[in-house]
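Working notes, beginning with the structure itself.
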């Protein structure tokens, strides 16, 4: 596959690296294949030789996709089971105290995020390529501690239903349950969009404003601020639900999401 293509981009810190591992441009260092012109820190690259070995066909990319999918599946499963276990330990009549238990997970998330962001920036000296090795080490240590705690946790098991699908269809016949499921599904979509695209947006802002060498620390601080809001709301969640009810509480959450996205869109820098 041979064709010509022109690219124009702004190099961070007056440097630009086109890597065959991260872009669909091969042999860019050969002068016969590429022409580079730098004017006012802007680069124009013309490449006349392309090979059909894009990143989407590389083993590295698909290995990352596989590992990421396994990690996300494990995380969501663990999150759902931990919530169910928390309700089981609280017992009947004490579910309103769930928020006071769940807030400790928010505290751990905020502390780990800020610590990981600082260490990643500390280990990434050039500011272009981020070194995620320390973050992986921190995650491995916390996972080991979590596994030890889970092994020591004693939970009485109850006999499960043998007709799970039938029971689910019975519940779906209730109009109120269908409505709340729609609310929860939409909340999950909003949360997923924020989780997957917020940091990409922040890094684009960081490149444009010259904060790329501190972006991981900034992202960690943003998660700390988010965690503070979660802690406050989780602590008072029982009282809020009793005051507003489940439906109005979810509507209030959507309003807060809208306000947050509006403020983020107005931010001139990360």
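In the working numbering, the protein residues as written are 452 to 721. Note that the Cβ used here is the ideal one computed from N, Cα and C, for glycine as well.
- When C-beta atoms of the segment 535-550 are compared with those of the segment 517-524, fewer than three pairs fall below 8 Å, so the two segments do not count as touching.
- Under the three-state reduction of DSSP output, residue 706 falls in the helix class.
- A residue is called buried once 16 or more other Cβ atoms fall within 10 Å of its Cβ, and residue 618, having fewer, is exposed.
- When secondary structure is reduced to three states using DSSP, residue 609 falls in the coil class, being assigned neither helix nor strand.
- Nearest to residue 585 by alpha-carbon distance, out of 655, 641, 667, 547, is 667.
- Assigned with DSSP and collapsed to three states, residue 582 falls in coil, not helix or strand.
- Three or more beta-carbon pairs separated by less than 8 Å link the segment 675-688 to the segment 551-568, which places the two stretches in contact.
- Nearest in C-alpha terms to residue 653, of all of 719, 710, 707, 600, is 719.
- Between the C-alpha atoms of residue 534 and residue 509 there is a straight-line separation of about 38 Å.
- In the three-state scheme derived from DSSP, where H, G and I count as helix and E and B as strand, residue 518 is classed as helix.
- Minimum Cα-Cα distance from residue 714 among the listed residues 649, 603, 593, 702 corresponds to 649.
- Considering only 512, 698, 565, the residue with the shortest C-alpha distance to residue 673 is 565.
- DSSP places residue 661 outside any alpha helix (DSSP H), giving it a letter other than H or E.
- Ranked by Cα distance from residue 548, the first of 630, 693, 511, 615 is 693.
- For residue 552, the enclosing alpha helix (DSSP H) begins and ends at 549-574.
- Between residue 570 and residue 589, the gap from beta carbon to beta carbon is short of 8 Å.
- Contact between residue 628 and residue 697 fails: their C-beta atoms lie close to 11 Å from each other, not under 8 Å.
- Residues of the same chain with a CB within less than 6 Å of the CB of residue 669, apart from the 5 flanking positions on each side, are 721 in chain order.
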